[in-house]
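Student:
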Amino acid sequence: RSALASAVGSGLPLVAADKVRIFRVLEITEFKGTHDVKAKLHGARQKAAKVEFEVDVAAGGQRKLDLVEARLMLLSHGGRAAANFGKALVHALTAVGVQLPAAGASPHCRVAEPQQLGARHV
Numbered sequence: 136r137s138a139l140a141s142a143v144g145s146g147l148p149l150v151a152a153d154k155v156r157i158f159r160v161l162e163i164t165e166f167k168g169t170h171d172v173k174a175k176l177h178g179a180r181q182k183a184a185k186v187e188f189e190v191d192v193a194a195g196g197q198r199k200l201d202l203v204e205a206r207l208m209l210l211s212h213g214g215r216a217a218a219n220f221g222k223a224l225v226h227a228l229t230a231v232g233v234q235l236p237a238a239g240a241s242p243h244c245r246v247a248e249p250q251q252l253g254a255r256h257v
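Note that my numbering has the sequence shown beginning at 136, numbered continuously upward.
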């Protein structure tokens, strides 16, 4: 979890790893090429992980929140920023000994658009 928090924090503006909280890491199975009907029929599957996290930007105010939200939106559209974020994530995970797919199946990262949640009452 700390490697994930560190990688997420490094990919976001003004966010330290201690301000990232990993809620859940879920193992999911996806079909390779989800639009490929043959792959679905023949059971070509790949394992993936879904990471749910929260970023504490309370100390930075609305400006910091806007910057983090903008970066997450940028990452959700793919491109060079998302590729660099994915490389940082892979590096952080391999540095702590996480076994990733072999060289032929290069790991990639997809980021969903951010969801702003209200304060939780515990």
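For glycine and all other residues, C-beta sits at the position ideal for the given N, C-alpha and C.
Thinking Phe188 and Phe220 are a contact (beta carbons under 8 Å), I'd like their distance in whole angstroms, please.
Tutor: The residue given as residue 188 occupies position 53 in the sequence shown. The residue given as residue 220 occupies position 85 in the sequence shown. 13 Å between Cβ atoms; not a contact.
Student: Could you tell me how far apart the beta carbons of Leu210 and Val246 are, in whole angstroms, since I believe they sit closer than 8 Å?
Tutor: Start at 1 with the first residue of the sequence shown, and residue 210 comes out as number 75. Start at 1 with the first residue of the sequence shown, and residue 246 comes out as number 111. Rounded, the Cβ-Cβ distance is 4 Å, consistent with contact.
Student: What would DSSP say about Val225, mapped onto helix, strand or coil?
Tutor: In the sequence shown, the residue the question calls residue 225 occupies position 90. In the structure shown, Val225 sits in a helix (DSSP, three-state: H, G or I).
Student: Expressed to the nearest angstrom, what Euclidean distance is found between the alpha-carbon atoms of Ala205 and Lys185?
Tutor: Looking up residue 205 in the sequence shown gives position 70. Looking up residue 185 in the sequence shown gives position 50. Rounded to whole angstroms, Ala205 to Lys185 spans 21 Å at the Cα level.
Student: For Leu207, count neighbouring Cβ atoms within 10 angstroms of its own Cβ and tell me buried if that reaches 16, exposed if not.
Tutor: Indexing the sequence shown from 1 puts residue 207 at position 72. Buried: at least 16 other Cβ atoms inside 10 Å.
Student: Do you know offhand how far His256's Cα is from Val190's?
Tutor: Within the sequence shown, the letter at position 121 stands for residue 256. Within the sequence shown, the letter at position 55 stands for residue 190. Confidence is the limiting factor: at His256 the pLDDT is only 47, short of 50, which leaves the residue's position unreliable and the question unanswerable from this model.
Student: Would the beta-carbon of Pro148 fall within 8 Å of that of Val233?
Tutor: Residue mapping note: residue 148 aligns to position 13 of the sequence shown, counting from 1. Residue mapping note: residue 233 aligns to position 98 of the sequence shown, counting from 1. Cβ distance not < 8 Å, so Pro148 and Val233 don't count as in contact.
Student: Determine the direct distance from the alpha carbon of Arg136 to that of Ala183, and round the result to whole angstroms.
Tutor: Your numbering for residue 183 matches position 48 in the sequence shown. Your numbering for residue 136 matches position 1 in the sequence shown. Roughly 16 Å between the two C-alpha positions.
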